[in-house]
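For reference, the structure is listed below as C-alpha cells.
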DNA sequence: GATAGATTTTGAATCATTCTAAACACCAAC
DNA sequence: GTTGGTGTTTAGAATGATTCAAAATCTATC
Ligand SMILES: [Mn+2]
Ligand SMILES: [Mn+2]
Ligand SMILES: [Zn+2]
Ligand SMILES: [Zn+2]
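Residue numbers (our numbering), protein chains in the order written: chain U, 431 to 579; chain A, 431 to 579.
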C-alpha cells in the first residue's frame, strides 16, 4: 500500500535533509512516503500505524524523530487544532486548513497571494511577520468527497 | 491588585452565564476579573496565580472549570499556539493574534470585516464556515510597548 | 432546617509528547 | 579488518497540561 518515493521525491527528501547534515534513512523514507501517499493530515499515531505496515520494527519514537526532523528542514508542516494531537502536512504551497467539525477531517485551502498581502496589511507598524496561520472551522456540505487523496 | 468588576462587567458575566442556567459565583467573578485586569492572554496557571492573590483557597481545578464555562458561554476565547498551554482572551471583537517569538507575548490584531470576507471568499463551494482563526508569528520591532494593558 | 442541584475542592488518571540511555549503522582512519 | 566517531533508532521512563471522580460545600427552595 505504501509505494516508494519517486525519483523526484527522494531527491527532495535527500536535498532537504542534506542542509542540516542529515541523511536519508529507510525509516525517514517510509515516514515521508506515508505522508505523501495519503494527504489527510495524519497524527503521529496514524503515521506510525501506516508506516509499520511496511516496516514492522519501526518505533513510535522514531516516527516522532522523523517528523520533527522534517518540520525542522521545512519539508513538512505541523497542523494543530486546539489541543488535539498534532497532524502533519507535506503540502508546501501556501495554504490554510479547513477543519470539518462533523468528520474531524482537515482540508487544504489554497491561499492566493493577494489574501496574504491583505492580511499582512492589517498589522500595525513594528510587527514583523515570519508566518501566518489560518484555520477555518465548519462543516462541508455534500459537494463531492473533498478529496484527501 | 485585582479590582472588582464594574457594574457593566458584572452584568455581562451574569447575563452570559444565565443562558446556560449558570450562576455568578465568587470564584467566577475573580477569574473573570483577572482576565479583564491584564489582557495579556494568560495561561491557566497564570490566571490561577493571579486569582489566588485575592482568594487564597481557590483551586486550580476551579480555574479550569471557570474558564471552560466562560468559553462555553462565549465570554472568553481560547488561544492556542502549537501545543503550548492554552491561553485565554476576553476580547470579544473579531481579532487575530500575533505571537512574538522572541518574548512569547501574544498581541491582539484588529480584524476588519473586509479581511474576513476576503478570507471567506477563498473557500470552495460546499465549505460552510463557523469560525476563522488567524495567527501571525514574528517579532515586534521596538515601536513602543505594544501595550498589553 | 431538610433536600436537591450546582459548584468547588483534592487528588488521581490520562495521554501526547519529550527525554534518557543503550544498541545500531555507517564511514573513514589506522 | 579493527577502531573511533557521529548520527540514528529503539524501548522505556518521565513530563506536564488537562481531565476525571468523588467527596465536601453552597444555595435556593419546600
Ligand atoms: Mn456547524
Ligand atoms: Mn524571526
Ligand atoms: Zn495542509
Ligand atoms: Zn486576543
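For glycine and all other residues, C-beta sits at the position ideal for the given N, C-alpha and C.
Everything numeric in this text was worked out from a predicted model, so none of it was measured.
Secondary structure of residue i, DSSP reduced to three states
i	result
residue 452 of chain U	coil
residue 496 of chain U	helix
residue 544 of chain A	helix
residue 552 of chain U	coil
residue 464 of chain U	helix
residue 438 of chain A	helix
residue 509 of chain U	strand
Rounded C-alpha distance that separates residue i from residue j
i	j	result
residue 488 of chain A	residue 441 of chain A	23 Å
residue 556 of chain A	residue 549 of chain A	15 Å
residue 425 of chain A	residue 466 of chain A	Here chain A comprises residues numbered 431 to 579, so residue 425 of chain A is not present and cannot be evaluated.
residue 568 of chain A	residue 538 of chain A	13 Å
residue 463 of chain A	residue 478 of chain A	12 Å
residue 558 of chain A	residue 458 of chain A	34 Å
residue 446 of chain A	residue 513 of chain A	29 Å
residue 529 of chain A	residue 566 of chain A	6 Å
residue 435 of chain U	residue 456 of chain U	11 Å
residue 521 of chain U	residue 449 of chain A	43 Å
residue 536 of chain A	residue 544 of chain A	23 Å
residue 572 of chain U	residue 483 of chain A	52 Å
residue 516 of chain U	residue 437 of chain A	42 Å
residue 534 of chain A	residue 554 of chain A	35 Å
residue 495 of chain A	residue 526 of chain A	25 Å
residue 486 of chain U	residue 469 of chain U	22 Å
residue 509 of chain A	residue 551 of chain U	22 Å
residue 570 of chain U	residue 480 of chain U	26 Å
residue 511 of chain A	residue 540 of chain U	22 Å
residue 542 of chain U	residue 542 of chain A	19 Å
residue 439 of chain A	residue 439 of chain U	57 Å
residue 476 of chain A	residue 476 of chain U	34 Å
The beta strand (DSSP E) enclosing residue i, as first and last residue numbers
i	result
residue 570 of chain U	557-570
residue 525 of chain A	525-530
residue 517 of chain U	517-519
Extent of the continuous alpha helix (DSSP H) run through residue i
i	result
residue 481 of chain A	474-484
8 Å Cβ cutoff met for residue i and residue j
i	j	result
residue 471 of chain A	residue 519 of chain A	yes
residue 524 of chain A	residue 490 of chain A	no
residue 499 of chain A	residue 444 of chain A	no
residue 497 of chain U	residue 461 of chain U	yes
residue 474 of chain A	residue 501 of chain A	no
residue 531 of chain A	residue 560 of chain U	yes
Original post:
When a residue counts only if its C-beta is closer than 5 Å to some heavy atom of ligand 3, which residues count, in chain order?
Top reply: U:519, U:521, U:538
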